[in-house]
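Residue numbers (this note's numbering): 5 to 204. Note that CB positions come from ideal geometry on N, CA and C, so glycine has one too. Everything numeric in this text was worked out from a predicted model, so none of it was measured. Reviewing the structure listed below.
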């Protein structure tokens, strides 16, 4: 937010709270509590957090009961250049919380990587965020298209049909919808494990 806009709010006695994007699930809880503090909604915040935690715990229990191994997962955030999510990102925390292995967990933050690196770190599952309102932001179609020039066609997940589409607002934006993200990644793991169709 521009300084002059902040000054305008201050002069009008409007409280300004700046929240950076959280890089973890626990950070989302902190954000909810911070917002609630300024709105005088502490009890409501605790109810929201409790509900999110309950859903995540149920998802973790389901994973433990139905999937004994830890699928290798890669989230491709952009394709030109290729961006992936590494450690200290919201998405990495989601993958690890639900019992997956992020093949780029040794990379810090969001990084550009070469297609050669993507191929070497081949994963069981590829998460492809998509903006349903913009065809320009459709990672899923870019990854699975059958064109001979598709740089991702050699990936195991592409060959086996384990590239999964998800709304970018759910997987890429740290918010109370984190429970939705965890449940959807669990759905991807179940689809991969039992060779069934993934329904977002």
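What does DSSP give as the partner residues of residue i in its beta bridges?
i          : result
residue 83 : 86
residue 91 : 112
residue 78 : 130
Give me the Cα-Cα distance between residue i and residue j, rounded to the nearest whole angstrom.
i           : j           : result
residue 114 : residue 18  : 34 Å
residue 116 : residue 95  : 16 Å
residue 148 : residue 44  : 47 Å
residue 37  : residue 23  : 11 Å
residue 182 : residue 15  : 35 Å
residue 159 : residue 56  : 34 Å
residue 198 : residue 61  : 22 Å
residue 93  : residue 162 : 24 Å
residue 2   : residue 108 : Given a span of 5 to 204 for the chain in the structure shown, any question on residue 2 remains unanswerable.
residue 180 : residue 31  : 11 Å
residue 67  : residue 110 : 24 Å
residue 58  : residue 89  : 26 Å
residue 150 : residue 33  : 41 Å
Am I right that residue i and residue j are in contact with their C-beta atoms under 8 Å? What's the rounded C-beta distance?
i           : j           : result
residue 86  : residue 123 : Actually they do not touch by this definition, with Cβ atoms about 11 Å apart.
residue 166 : residue 144 : No, residue 166 and residue 144 are not in contact; Cβ-Cβ is about 12 Å, not under 8 Å.
residue 131 : residue 52  : Actually they are not in contact, since the Cβ atoms of residue 131 and residue 52 sit about 25 Å apart, beyond 8 Å.
residue 63  : residue 186 : 5 Å
residue 39  : residue 20  : About 12 Å separates the two Cβ atoms, so there is no contact after all.
residue 189 : residue 102 : 5 Å
residue 146 : residue 105 : At roughly 24 Å, the Cβ-Cβ gap does not stay under 8 Å, so residue 146 and residue 105 are not in contact.
residue 170 : residue 133 : 6 Å
request  = Can you check the region 100 to 185 for any alpha helix (DSSP H) of at least 4 residues that lies completely inside it and give the ranges in chain order?
outcome  = Complete alpha helix (DSSP H) runs here, min 4: 119 to 124, 143 to 148, 160 to 163 and 172 to 175.
inquiry  = Could you tell me which whole beta strand (DSSP E) segments of length 3 or greater appear in the region 7 to 75?
reply    = Within the region 7 to 75, no complete beta strand (DSSP E) segment of 3 residues or longer occurs.
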